[in-house]
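If you're matching them up, the sequences are chains A and B in order. The letter at position 35 of the first sequence is residue 35 when you use the numbering used here, and the numbering goes up by one with no holes. The letter at position 93 of the second sequence is residue 1093 when you use the numbering used here, and the numbering goes up by one with no holes.
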Amino acid sequence: DSGVTQTPKHLITATGQRVTLRCSPRSGDLSVYWYQQSLDQGLQFLIQYYNGEERAKGNILERFSAQQFPDLHSELNLSSLELGDSALYFCASSVEDRGVYEQFFGPGTRLTVL
Amino acid sequence: AQSVTQLGSHVSVSEGALVLLRCNYSSSVPPYLFWYVQYPNQGLQLLLKYTSAATLVKGINGFEAEFKKSETSFHLTKPSAHMSDAAEYFCAVSGPGGANSKLTFGKGITLSVRP
Chain A
1 DSGVTQTPKH LITATGQRVT LRCSPRSGDL SVYWYQQSLD QGLQFLIQYY NGEERAKGNI
61 LERFSAQQFP DLHSELNLSS LELGDSALYF CASSVEDRGV YEQFFGPGTR LTVL
Chain B
1001 AQSVTQLGSH VSVSEGALVL LRCNYSSSVP PYLFWYVQYP NQGLQLLLKY TSAATLVKGI
1061 NGFEAEFKKS ETSFHLTKPS AHMSDAAEYF CAVSGPGGAN SKLTFGKGIT LSVRP
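Written out as structure tokens, the structure reads:
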């Protein structure tokens, strides 16, 4: 158990819908990262937050957005869903992001868009 | 920009045999390198990381990796494979931190262990 929790574990929805994925980082971790894992794209970085502020953006679609709240949990919002958005979405956290700190990964949310 | 190349998508070894999983990286800044393992239906777990302190890095479960700057490689090895090592392995690179702390992953290698 990494200490990072993600809810829900599984999500099945239809095209055009909007979903919210939630991540609670390890206690004390200030940095949260979101990654997408799909068969064709592999593991890709989406976005990073540090202590409530957006720190870096990767290949995140405009239909996707995220935020980190004062209690440091984070949410990833996916809207106007398409079949190609079906993937495993991971959240990771680290205590800091300056220097090299291990990122601890949650178990992921498996999103299926029908 | 950073990238990772993992040659081959699948490696099969016999139990007790040497495990060698290859990783080559490209980075415009001094790289930090990682190997993660993913078991079925689970998240990623860190095996080991290179942070410029020592070129030979020892990790969990008997794995180790050697950073070779001249070859831009960070291959993962284990002297003797165990059935429990069957999983998917990802090599990743990051920059020195801050906005460059994100991980860039290779495509992963599935390791099978034959009895």
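Each residue gets a CB set at the ideal place from its N, CA and C atoms; glycine is no exception.
What are the boundary residues of the beta strand (DSSP E) that includes residue i?
{"i": "residue 74 of chain A", "result": "74 to 78"}
{"i": "residue 1073 of chain B", "result": "1073 to 1078"}
{"i": "residue 1114 of chain B", "result": "1109 to 1114"}
{"i": "residue 1090 of chain B", "result": "1087 to 1094"}
{"i": "residue 53 of chain A", "result": "53 to 57"}
{"i": "residue 1064 of chain B", "result": "1064 to 1068"}
{"i": "residue 1049 of chain B", "result": "1044 to 1050"}
{"i": "residue 1058 of chain B", "result": "1056 to 1058"}
{"i": "residue 92 of chain A", "result": "87 to 94"}
{"i": "residue 1081 of chain B", "result": "Premise fails: residue 1081 of chain B is in no beta strand (DSSP E) and is neither H nor E."}
{"i": "residue 32 of chain A", "result": "31 to 38"}
Against residue i, what residues of chain B qualify as contacts under a CB-to-CB distance less than 9 Å, listed in chain order?
{"i": "residue 68 of chain A", "result": "None at all; the shortest Cβ gap to chain B is about 15 Å."}
{"i": "residue 107 of chain A", "result": "1041, 1042, 1043"}
{"i": "residue 56 of chain A", "result": "1098, 1099, 1100, 1101, 1102"}
{"i": "residue 144 of chain A", "result": "It is not possible to answer for residue 144 of chain A, since the shown part of chain A is limited to 1 through 114."}
{"i": "residue 102 of chain A", "result": "1034, 1046, 1049"}
Quick test of your reading: residue i and residue j, contact by CB under 8 Å. State the CB separation rounded to the nearest angstrom.
{"i": "residue 1037 of chain B", "j": "residue 1089 of chain B", "result": "6 Å"}
{"i": "residue 82 of chain A", "j": "residue 15 of chain A", "result": "6 Å"}
{"i": "residue 79 of chain A", "j": "residue 18 of chain A", "result": "4 Å"}
Taking C-beta pairs closer than 9 Å, name the residues in chain A that residue i reaches, listed in chain order.
{"i": "residue 1005 of chain B", "result": "Near residue 1005 of chain B there are no residues of chain A at all, since even the closest Cβ is about 12 Å away, more than 9 Å."}
Using a C-beta to C-beta distance shorter than 7 Å, which residues of chain B count as neighbours of residue i?
{"i": "residue 43 of chain A", "result": "1090, 1105"}
What does residue i touch in chain B if you count any residue whose Cβ is under 8 Å from its own?
{"i": "residue 49 of chain A", "result": "Going along chain B, no residue has its Cβ under 8 Å from residue 49 of chain A, so there is no contact; the nearest lies around 11 Å."}
Give the interface partners of residue i over in chain A, defined as CB-CB distance under 8 Å, in chain order.
{"i": "residue 1058 of chain B", "result": "By Cβ distance, chain A contributes nothing, its closest Cβ being about 15 Å from residue 1058 of chain B, past 8 Å."}
Per DSSP, which one or two residues make a beta bridge with residue i?
{"i": "residue 1024 of chain B", "result": "B:1005, B:1073"}
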